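Reviewing the structure listed below.
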Ligand SMILES: Cc1cc2nc3c(=O)[nH]c(=O)nc-3n(C[C@H](O)[C@H](O)[C@H](O)COP(=O)(O)OP(=O)(O)OC[C@H]3O[C@@H](n4cnc5c(N)ncnc54)[C@H](O)[C@@H]3O)c2cc1C
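In our numbering, the protein residues as written are 205 to 566.
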């Protein structure tokens with residue numbers, strides 16, 4: 205009954221692996237697994253070192269992921285600026301086949317710990333331990349609980365106040381492979397638009413992934429059904445629409461609207477029962493960053509990796525690493541909030557539009 209990890213996204217998998225490397229076999233309450241939309245997110249260069257320390261760097265040796273070398277952005281100016289990772293000391297990130305990446309990381313965690321496919325529905329102090337209420341009505345005892353439940357923050361929101369930034373919704377789609385006679389540039393583009401911004405990336409399989417981000421008020425109702433609305437949104441971009449037309453990609457149709465707002469816990473970790481029990485939230489449960497940062501997955505992996513030392517220290521009677529962790533996450537959230545405001549305020553062309561007016565101050 206020592207450590208329980210709740211959730212099976214990247215953060216939960218990283219925690220399970222890090223704990224196993226410290227000789228701690230956690231109880232892994234994995235929920236229903238993670239259903240990931242087929243999409244092409246960007247994994248930041250910093251993730252490589254974290255995957256290394258988890259001993260799973262080789263999950264990126266897969267032709268379905270491509271090195272992310274060129275990123276073009278139009279933000280605060282009509283001109284496209286290129287950032288070329290070949291010249292950056294931080295190394296290159298990756299445009300992922302996200303389901304393939306998640307499945308590979310999950311498989312490595314599963315080699316070390318058998319997941320239990322159940323949801324946690326409650327948590328209460330029970331003397332020396334936490335009692336986790338499970339969906340089937342049973343309960344599980346643990347001295348240290350890791351909340352890796354993503355934006356649900358199923359445990360953390362009961363133990364620490366959750367705050368949110370300005371509401372942001374996302375629609376994503378992956379178009380078909382590029383027409384065979386045209387070789388699309390393997391690049392990523394980020395473009396500010398009058399009512400939001402768009403991310404476009406060509407994956408290694410020559411399919412273009414699109415994600416459009418805007419406020420709930422500016423997201424057309426029924427966007428997942430109305431091809432005309434989706435077409436209008438894409439037409440209001442200057443650069444991405446030209447890229448689509450030049451290569452001849454079809455427009456695709458977003459299948460689902462997702463919450464992409466920044467959200468974080470005021471207290472991301474702590475102790476209870478006079479210090480006999482501990483808990484920590486990791487990944488999106490602790491701090492879900494605006495996807496503009498392209499750091500959600502990397503932060504999730506980092507926080508999960510930290511759990512090896514943090515939970516080990518706590519169980520051995522040293523809670524110092526737990527408070528160090530809470531402080532580091534809180535500082536990261538402060539830095540993120542400041543940086544986010546600065547970046548949104550830099551887009552002055554659309555400053556009078558409601559989306560940009562609220563994004564820059566939120
Ligand atoms: C549109 C969009 C685009 C993005 N693009 C990028 C990008 O380009 N780069 C990047 O780095 N990040 C990106 N992100 C962020 C990134 O996807 C997340 O930060 C990352 O997935 C967080 O992983 P996680 O493990 O914390 O949570 P999740 O992946 O959400 O996993 C949570 C897990 O917990 C389980 N669970 C939930 N509740 C319970 C419960 N009560 N009991 C048991 N299990 C439970 C779920 O089933 C799931 O397995 C993007 C996000 C969005 C919305």
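Ideal Cβ placement from N, Cα and C applies to all residues, glycine included.
Note that this is a predicted model, so its numbers are computed, not measured.
*If residue 350 sits next to residue 484, beta carbons under 8 Å apart, how far is it from one beta carbon to the other, in whole angstroms?*
6 Å
*Assigned secondary structure, residue 447 (DSSP; H/G/I helix, E/B strand, else coil)*: helix
*So, is residue 367 buried or exposed, given that buried needs 16 or more other C-beta atoms within 10 angstroms?*
exposed
*Kindly examine ligand 3 and report whether one of its heavy atoms sits closer than 7 Å to the Cβ of residue 352.*
What this structure holds is ligand 1, not ligand 3.
*residue 309 versus residue 364 - alpha carbon distance*: 29 Å
*Collapsed DSSP secondary structure at residue 527 in the structure displayed*: helix
*Expressed to the nearest angstrom, what Euclidean distance is found between the alpha-carbon atoms of residue 329 and residue 441?*
52 Å
*For residue 314, the nearest candidate out of 532, 372, 212 (CA to CA)*: 212
*Return helix, strand or coil for residue 482, following the three-state DSSP convention.*
strand
*Round the Cβ separation of residue 513 and residue 525 to the nearest angstrom and send it over; I've been treating them as touching at under 8 Å.*
6 Å
*Can you tell me the Cα-Cα spacing of residue 231 and residue 208, whole angstroms?*
5 Å
*On the DSSP bridge assignment, give the partners of residue 271 in chain order.*
298
_Pick from 392, 459, 264 that is closest to residue 289, judged by C-alpha positions_ = 392
_Pairwise C-alpha distance: residue 296 and residue 275_ = 11 Å
*How many angstroms separate the CA atom of residue 439 from the CA atom of residue 384?*
24 Å
*Could you tell me which uninterrupted beta strand (DSSP E) segments, each at least 3 residues in length, are contained entirely in the stretch 402-454, listed from first to last along the chain?*
411-418
*Within 7 Å: the Cβ of residue 488 and any heavy atom of ligand 1?*
yes
*Since I believe residue 504 is in contact with residue 488 (beta carbons under 8 Å), could you give me their beta-carbon distance rounded to a whole number of angstroms?*
7 Å
*Exposed or buried, residue 342, counting other C-beta atoms within 10 Å across all chains shown (16 or more means buried)?*
exposed
*Rounded separation between residue 303 and residue 243 - CA only*: 8 Å
*Should residue 460 and residue 306 be called a contact, given that it needs their Cβ atoms to be closer than 8 Å?*
no
*Does any heavy atom of ligand 1 sit closer than 7 Å to the C-beta of residue 511?*
no
*My understanding is that residue 246 touches residue 405, with C-beta atoms under 8 Å, so please give their C-beta distance in whole angstroms.*
7 Å
_Whether residue 267 touches residue 300 by CB criterion (8 Å)_ = no
_For the structure I just gave you, are there three or more beta carbon pairs, one from the stretch 541-553 and one from the stretch 246-263, closer than 8 Å?_
no
_residue 344 and residue 233 - do their beta-carbons sit closer together than 8 Å?_
yes
_Could you tell me the alpha carbon to alpha carbon distance between residue 282 and residue 477, rounded to whole angstroms?_
57 Å
_Just to check my reading of the structure: residue 515 and residue 228 have Cβ atoms closer than 8 Å, yes? What is that Cβ distance to the nearest angstrom?_
6 Å
*Examine ligand 1 and report whether any of its heavy atoms sits within less than 7 Å of the Cβ of residue 215.*
yes
_Classify residue 389: buried if its beta carbon has 16 or more other beta carbons within 10 angstroms, exposed otherwise._
exposed
_According to DSSP, simplified to helix, strand and coil, what is residue 223?_
helix
*6 Å CB neighbourhood of residue 396 in its chain, flanking five on each side removed*: 279, 551
*Assigned secondary structure, residue 236 (DSSP; H/G/I helix, E/B strand, else coil)*: coil
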